[in-house]
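As structure tokens, the structure follows; a few thoughts come after it.
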Amino acid sequence: MYELLKIEHVEKYYGNGPSVTKAIDDLSFTVKQGEFIGIMGASGSGKTTLLNCISTIDTVSAGHIYLMDTDLTEIPESELARFRRRNLGFIFQHFNLLDTLTIGENIALALTINKTSVDEIGGRVQKIAVQLGIHDILHKFPYQTSGGQQQRCACARAMVNDPKLILADEPTGALDSRSSQMLLDTIQSMNEQLNATILMVTHDAFSASYTKRVLFLKDGRIFNEIYRGTKSRKQFFNEILDVMALLGGDLIDVR
Amino acid sequence: MYAKMILRNIKRSKKDYLIYMVTLIFCVGLFYAFMALSSRHYNPSLGEEFTFTSVRGDMTLPILAITAILLFLIKYVNDYMINRKQKEFAIQTILGMEQKTTARLFFVETLAMGGIAVSFGIMMGCFLSQLITAMLLSAYDQPFQFTFPLYTDTLLLTLLFFGSAFVLIGCLNISSIRRIKIIDMLQADKKVETDYKRSAWMPVWVILATATAVLMLFRGIYIFREFYSAHLPESLQISLYGSILSPAVMVLSVLYFGLGRGLPKRLGFNGLLGTLMTLGILSIVFSFQVSRSPHLTVSSNVEIATAFFFVAFNVCGFFYFLNRWIAYLKEKYPRFTYNGENLFLFGQIMAKLKTTSKTMSITCLVLTLSLFLFALEPVMTGWISGHLEKKSKYDVQVFSQYNNIRYEGNAAQADYGFVVEFLKHRNIQIDRALEFTSYFVNREDFKRRNKYQFPMLALSLSDYNYLRSMNNLEPAQLGAEEFTTQWNALADPKGIHGFLSGHRQLRAETADLILSSVPFYQDDLGPYMYNSYTEAIYVLPDNVCADLMPANQLFFIDTAEPLTYKDAEQLSTLFEQIVRTADDITGNSSEIRLSTMQINDSIAGGFTTKAMLNYTGVVLLIICFTVLSLQQLSDSSDFKYRFSILRNMGISERQLNLIILKQMGIWFGTPILMALIINILLIFFMIDSFYAELSAYIGIQSVLTSSVAALAAVMVLLLCYFISTWILFKRNIA
Numbered sequence: 001m002y003e004l005l006k007i008e009h010v011e012k013y014y015g016n017g018p019s020v021t022k023a024i025d026d027l028s029f030t031v032k033q034g035e036f037i038g039i040m041g042a043s044g045s046g047k048t049t050l051l052n053c054i055s056t057i058d059t060v061s062a063g064h065i066y067l068m069d070t071d072l073t074e075i076p077e078s079e080l081a082r083f084r085r086r087n088l089g090f091i092f093q094h095f096n097l098l099d100t101l102t103i104g105e106n107i108a109l110a111l112t113i114n115k116t117s118v119d120e121i122g123g124r125v126q127k128i129a130v131q132l133g134i135h136d137i138l139h140k141f142p143y144q145t146s147g148g149q150q151q152r153c154a155c156a157r158a159m160v161n162d163p164k165l166i167l168a169d170e171p172t173g174a175l176d177s178r179s180s181q182m183l184l185d186t187i188q189s190m191n192e193q194l195n196a197t198i199l200m201v202t203h204d205a206f207s208a209s210y211t212k213r214v215l216f217l218k219d220g221r222i223f224n225e226i227y228r229g230t231k232s233r234k235q236f237f238n239e240i241l242d243v244m245a246l247l248g249g250d251l252i253d254v255r
Numbered sequence: 256m257y258a259k260m261i262l263r264n265i266k267r268s269k270k271d272y273l274i275y276m277v278t279l280i281f282c283v284g285l286f287y288a289f290m291a292l293s294s295r296h297y298n299p300s301l302g303e304e305f306t307f308t309s310v311r312g313d314m315t316l317p318i319l320a321i322t323a324i325l326l327f328l329i330k331y332v333n334d335y336m337i338n339r340k341q342k343e344f345a346i347q348t349i350l351g352m353e354q355k356t357t358a359r360l361f362f363v364e365t366l367a368m369g370g371i372a373v374s375f376g377i378m379m380g381c382f383l384s385q386l387i388t389a390m391l392l393s394a395y396d397q398p399f400q401f402t403f404p405l406y407t408d409t410l411l412l413t414l415l416f417f418g419s420a421f422v423l424i425g426c427l428n429i430s431s432i433r434r435i436k437i438i439d440m441l442q443a444d445k446k447v448e449t450d451y452k453r454s455a456w457m458p459v460w461v462i463l464a465t466a467t468a469v470l471m472l473f474r475g476i477y478i479f480r481e482f483y484s485a486h487l488p489e490s491l492q493i494s495l496y497g498s499i500l501s502p503a504v505m506v507l508s509v510l511y512f513g514l515g516r517g518l519p520k521r522l523g524f525n526g527l528l529g530t531l532m533t534l535g536i537l538s539i540v541f542s543f544q545v546s547r548s549p550h551l552t553v554s555s556n557v558e559i560a561t562a563f564f565f566v567a568f569n570v571c572g573f574f575y576f577l578n579r580w581i582a583y584l585k586e587k588y589p590r591f592t593y594n595g596e597n598l599f600l601f602g603q604i605m606a607k608l609k610t611t612s613k614t615m616s617i618t619c620l621v622l623t624l625s626l627f628l629f630a631l632e633p634v635m636t637g638w639i640s641g642h643l644e645k646k647s648k649y650d651v652q653v654f655s656q657y658n659n660i661r662y663e664g665n666a667a668q669a670d671y672g673f674v675v676e677f678l679k680h681r682n683i684q685i686d687r688a689l690e691f692t693s694y695f696v697n698r699e700d701f702k703r704r705n706k707y708q709f710p711m712l713a714l715s716l717s718d719y720n721y722l723r724s725m726n727n728l729e730p731a732q733l734g735a736e737e738f739t740t741q742w743n744a745l746a747d748p749k750g751i752h753g754f755l756s757g758h759r760q761l762r763a764e765t766a767d768l769i770l771s772s773v774p775f776y777q778d779d780l781g782p783y784m785y786n787s788y789t790e791a792i793y794v795l796p797d798n799v800c801a802d803l804m805p806a807n808q809l810f811f812i813d814t815a816e817p818l819t820y821k822d823a824e825q826l827s828t829l830f831e832q833i834v835r836t837a838d839d840i841t842g843n844s845s846e847i848r849l850s851t852m853q854i855n856d857s858i859a860g861g862f863t864t865k866a867m868l869n870y871t872g873v874v875l876l877i878i879c880f881t882v883l884s885l886q887q888l889s890d891s892s893d894f895k896y897r898f899s900i901l902r903n904m905g906i907s908e909r910q911l912n913l914i915i916l917k918q919m920g921i922w923f924g925t926p927i928l929m930a931l932i933i934n935i936l937l938i939f940f941m942i943d944s945f946y947a948e949l950s951a952y953i954g955i956q957s958v959l960t961s962s963v964a965a966l967a968a969v970m971v972l973l974l975c976y977f978i979s980t981w982i983l984f985k986r987n988i989a
């Protein structure tokens, strides 16, 4: 498996002069194609800033971000929108579905924006909907469906263009535990069966336990990194909790 | 602390208030400017021949009434602000502030905004009033000098009017805010647009349409029974049948809808509405063809009223169905739907239409009315001035009418010598004058007093030729046993020829005459020589007239210089005093027409009409554009959310701008386009119906030019609103 995403010495500052805040501090790591990685950390640790920089919504202050061979920090402003819609898929905490369109149309919108041929649209929407188990609610409006169904629609919308990387920002943040579990199963199956590369930001240990690797951020730096490997989800969950317990302390307490 | 909160609120929501403020400033400005005309202190120098009194009195009340419509706009904007601020109200209430206090804070806030708007509006009004004065003075051909007038009475009236409007609406707001539950306030922004209640709007229209259909059915049957004959042209026979059948089918479809619940195939509400809309237009077409046919004598007043109703009904129906049509288009043409961002655009428009089809219908109707007023303005103004211009042919016109005289001996017995005495006394030189008599062709004509039986009178050739010379026209020639006719300038040539073909000979009291080789003249000699309800007068040889019974006494004078307004007023008063007493005895009805007063009335009337129509048009237009604009801006939080999703999905700013433009284009464009189409039809209908009057008083070319000019002005105003809304929209979603 090749390296899909490479973060190299990325720094991000807000403000200037004496009031400067370092949101990301010399961060470097890589994500392999087909990986499901979780980013964890307390509020203010820089995880959402990192996600915004990778998604090209925000710019870095220093360093480079590569997706395959493309340096995201060097893409001109005019090209950013096109790059985003061809290479990235997004799943947000609050679903971000358009209330004016049906579930099916929300998924189709991603395809129409990407100028997919009209003849293909119907088939591809149907296919992804079947894979994510929402094919029977395609004609409904978001307000007529449950939170879990809406989030699965958001997943389908993110996946339908076959993006190189899917970025998920607290996808279970607005769901109850049952819906969360169903959604995480869906995301996991997207990773395992559709071979999607997923980067998920979360502060929920249960959600993180579905991933293959978890990066812990603290004050904009990597605090710790753990791999699931052959461990069961429960063991991995406990390991995550252990690291989280130490997050409040210092790096030396972990080693 | 409260004052600080209010100031902060005003600062923060100034963007939302911007369109409202601009609108209000403009309206206050117009109100002040027009009301200034009726101020005691307003005294433009119009010259000795003119006075401004009639304009002053005519305008005050209509302006107040028209401006009162603005109350709806102020209420609309206030409701919109309340909706936007509900969450804020909830937080204030949860913090412990009484709901009463929250409401009062909002009241003070809106009052402050209104106060600012009124002050700027008054400043603008001062400038506008100068523009209107310039317009007025140019109408009277007087020079204009710019001043900056602030009239205390107008100022107080403006403050009082708008102040009470704000207080009235503020009180309504306080009571409505106090009634909202905290939980509803908190969740106000969570309501989605699809969550709407079924309104009674369209059902009410359907009931009205049914009533109108019944009325048209009865009228159709009545006209059919009265006029139908197998000799009528085929197309007219079809129209006669159609004007019964179409309303009959409308009534039947309503019955089928109401009673057909038990039937296996039922007509749905949408089906009923569609049927009524289509057949309504069809029945109007049929009934118009019937009422305007030269073969039947049917008045078209009912048809005009029902036409207006069905146009309005169809506009409402159009906006009701628009959503369904877009949904159908979406389903039917996937290539179009899935082309670029069309899917998103459709969603935006459909979501908005679901809740606003009623507002859109009303806006479109008001817009139609406003555009119609603009188109009507040049026609009405031209009509009034052209009409009076035609009547004031001579400087002084005095004439009697025998309509109320019982005894033959009293006819044409008035003495108008005192008019000459008055003019001499005032040193007013008489240029040319003619005192003459019109005659009954036959003595028994005196008794024909039925409206449609009034006889055509006669005039002696010498008098007629003198009148022609007063109008710089060549004299008419007649043989010893010949007669000719003089027709009103407005008479229809077809009617003239029709009459003359049936009246080639004339039996006067003592002579038989034949129609001259020049059978008629239609030069404009003024309208007062003709008998009531007639359009022509016979011209007979002098010797024949000598044996006829006199009917009316007439005295036309041209003076060397026009009379001053004061002199004209005094002569008019003197005439009333002297002639009324004599008339009371004889039964004569004498009248005086002075060109000074007629021209003054014509200019004043023309100016008042022009001012009122333009004022109403602008106020209505501003209301419509503000509502359309606010509808786009009111959902900026929803729009911000939706457009941010698009941004995240990889839509560039340029494409977003294009979507906004398309969305606003459709939003503003649809009602305006509809209003324009209806107006174009109305203008052509008007030209077709009043061709004679329009071409005589104004000229068709000038009607079309003025209509186009008015529409161009409307477009400029629209462009201003469109651009400012577009800028605000882009800011809101940024």
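Chains U and Z, in that order, are what the protein sequence lines are. Residue 143 in this note's numbering is what sits at position 143 of the first sequence, and the numbering runs on without skipping anything. Residue 495 in this note's numbering is what sits at position 240 of the second sequence, and the numbering runs on without skipping anything. Each residue gets a CB set at the ideal place from its N, CA and C atoms; glycine is no exception.
Which residues share a DSSP beta bridge with L652/Z?
Before going on, a small fix: residue 652/Z reads as Gln here, not Leu. Answer is F811/Z, R848/Z, bridged to Q652/Z.
Using Cβ-Cβ distances below 7 Å, what residues of the region 102-119 of chain U are close to chain Z?
Those residues of the region 102-119 of chain U that come within reach of chain Z (Cβ to Cβ, closer than 7 Å) are E105, A108, L109, A110, T112, I113, V118.
Is Y788/Z helix, strand or coil by DSSP?
The answer is coil: DSSP assigns Y788/Z none of H, G, I, E or B.
Residue closest to G122/U, alpha-carbon to alpha-carbon, out of V509/Z, R590/Z, S490/Z, F421/Z
For the residues V509/Z, R590/Z, S490/Z, F421/Z, the minimum Cα distance to G122/U belongs to R590/Z.
Using alpha carbons as the reference points, say which of I906/Z, F945/Z, R762/Z, D439/Z lies closest to E699/Z.
Minimum Cα distance to E699/Z is reached at R762/Z.
Give the single residue among K648/Z, D396/Z, G535/Z, G284/Z whose Cα lies nearest to the Cα of F416/Z.
Residue G284/Z is the option with its Cα nearest to F416/Z.
Step through the CB atoms of chain U and report whether any lies within less than 8 Å of the CB of Y451/Z.
In this prediction, Y451/Z has a pLDDT of 44, which is less than 50 and means its spatial position is unreliable; nothing more can be read from the coordinates.
Which one or two residues does DSSP pair with N224/U in a beta bridge?
N224/U is bridged by DSSP to F216/U.
Using the C-alpha atoms, what's the distance from F754/Z back to L537/Z?
Between the C-alpha atoms of L537/Z and F754/Z there is a straight-line separation of about 36 Å.
For A196/U, which residues in the same chain have their Cβ closer than 7 Å to its Cβ, ignoring the five residues on either side in sequence?
Once the five neighbours on either side are set aside, the close Cβ partners of A196/U are M159, I166, M190.
DSSP has D169/U in a bridge; who is on the other side?
Looking at the DSSP assignment, D169/U forms a beta bridge with V201/U.
Considering only residues of the same chain and omitting the five flanking positions on each side of L868/Z, which have a CB-CB separation below 7 Å?
Excluding positions up to five away in sequence, the list reads L628, L631, E632, M635.
Going by other Cβ atoms of all chains shown within 10 Å of its Cβ, with 16 needed for buried, is V232/Z buried or exposed?
A question about residue 232/Z goes unanswered here, because the residues of chain Z that appear run from 256 up to 989.
Output, in chain order, the set of chain Z residues within a Cβ distance shorter than 8 Å of L138/U.
Residues of chain Z passing the Cβ test: none, with the nearest at roughly 14 Å.
Kindly give me the distance between the Cβ atoms of M919/Z and F977/Z, rounded to whole angstroms, as I take these residues to be in contact under 8 Å.
Yes, M919/Z and F977/Z are in contact; Cβ-Cβ is about 7 Å, under 8 Å.
Can you find a C-beta in chain U that's less than 8 Å from the C-beta of T983/Z?
According to the sequence displayed, residue 983/Z carries Leu and not Thr. Taking Cβ atoms only, chain U never reaches closer than 8 Å to L983/Z, which makes this a no.
Excluding the five sequence neighbours on either side, which residues of its own chain have a C-beta within less than 6 Å of the C-beta of Y776/Z, listed in chain order?
Sequence-distant partners of Y776/Z (beyond 5 residues in either direction) whose C-beta falls short of 6 Å from its own C-beta, in its chain, are Q741.
Helix, strand or coil at R687/Z according to DSSP, with G and I counted as helix:
R687/Z carries a strand assignment under DSSP once its states are collapsed to helix, strand and coil.
Could you name the residues that DSSP lists as bridge partners for I840/Z?
Bridge partners of I840/Z: none, in fact.
DSSP on H135/U, reduced to helix/strand/coil?
Looking at H135/U - three-state DSSP - the assignment turns out to be helix.
In angstroms, rounded to a whole number, what distance separates the CA positions of I321/Z and V874/Z?
In a straight line, the C-alpha of I321/Z is about 8 Å away from that of V874/Z.
Per DSSP, R762/Z is paired with what?
Paired residues: D767/Z.
Given 8 Å as the limit, is there contact between the region 347-359 of chain Z and the region 372-384 of chain Z, that is, 3 or more CB pairs closer than that?
Touching, no, given that fewer than three Cβ pairs across the two stretches are closer than 8 Å.
Restricting to Cα atoms, I'd like to know which of A468/Z, P519/Z, L412/Z is closest to L500/Z.
If we check each option's Cα against that of L500/Z, A468/Z comes out closest.
Determine, using beta carbons only, whether S827/Z and M804/Z come nearer to each other than 8 Å.
Taking a C-beta distance under 8 Å as the contact criterion, S827/Z and M804/Z do not qualify as a contact pair.
Does the CB of F223/U have a neighbour CB from chain Z at under 8 Å?
Chain Z, which has no Cβ nearer than 8 Å to the Cβ of F223/U, makes this no.
When DSSP labels each residue in this structure, what does P519/Z get in the three-state scheme?
In the structure shown, P519/Z sits in coil (DSSP, three-state: anything other than H, G, I, E or B).
Starting from the C-beta of P796/Z, find all residues in its chain whose C-beta is less than 7 Å away, skip the five residues before and the five after it, and write them out in chain order.
Non-local beta-carbon contacts of P796/Z in its own chain, meaning distances under 7 Å to residues more than five positions away in sequence, involve L716, L733, A735 in chain order.
When Cβ atoms are compared, which residues of the region 71-105 of chain U fall closer than 7 Å to chain Z?
Residues of the region 71-105 of chain U with a Cβ closer than 7 Å to any Cβ of chain Z, in chain order: A81, R82, R84, R85, F90, N96, L98, D99, T100, L101, E105.
Residue environment, M471/Z, which counts as buried when at least 16 other CB atoms sit within 10 Å:
Buried is the call here.
Would you say the region 202-216 of chain U touches the region 235-246 of chain U, given that touching needs at least three Cβ pairs under 8 Å?
Yes, the region 202-216 of chain U touches the region 235-246 of chain U.
So, for A669/Z: in the same chain, excluding its five sequence neighbours on each side, which residues have a beta-carbon less than 6 Å away from its beta-carbon?
Closer than 6 Å at Cβ, skipping near neighbours: S655, Q808, N843, S845.
Would you identify the three-state DSSP class for Q397/Z, choosing helix, strand or coil?
Three-state result, Q397/Z: coil.
Determine the burial state of Q150/U: buried for a count of at least 16 other Cβ atoms within 10 Å of its Cβ, exposed for fewer.
With a threshold of 16 other beta carbon atoms within 10 Å, Q150/U meets it and is buried.
Determine, for L598/Z, whether the minimum Cβ-Cβ distance to residues of chain U falls below 8 Å.
Yes - at least one Cβ of chain U is within 8 Å of the one on L598/Z.
Confirm the yes/no value for this check: CB of Y721/Z, any heavy atom of the ligand COA, distance under 7 Å.
This structure simply doesn't include the ligand COA, nor any ligand for that matter.
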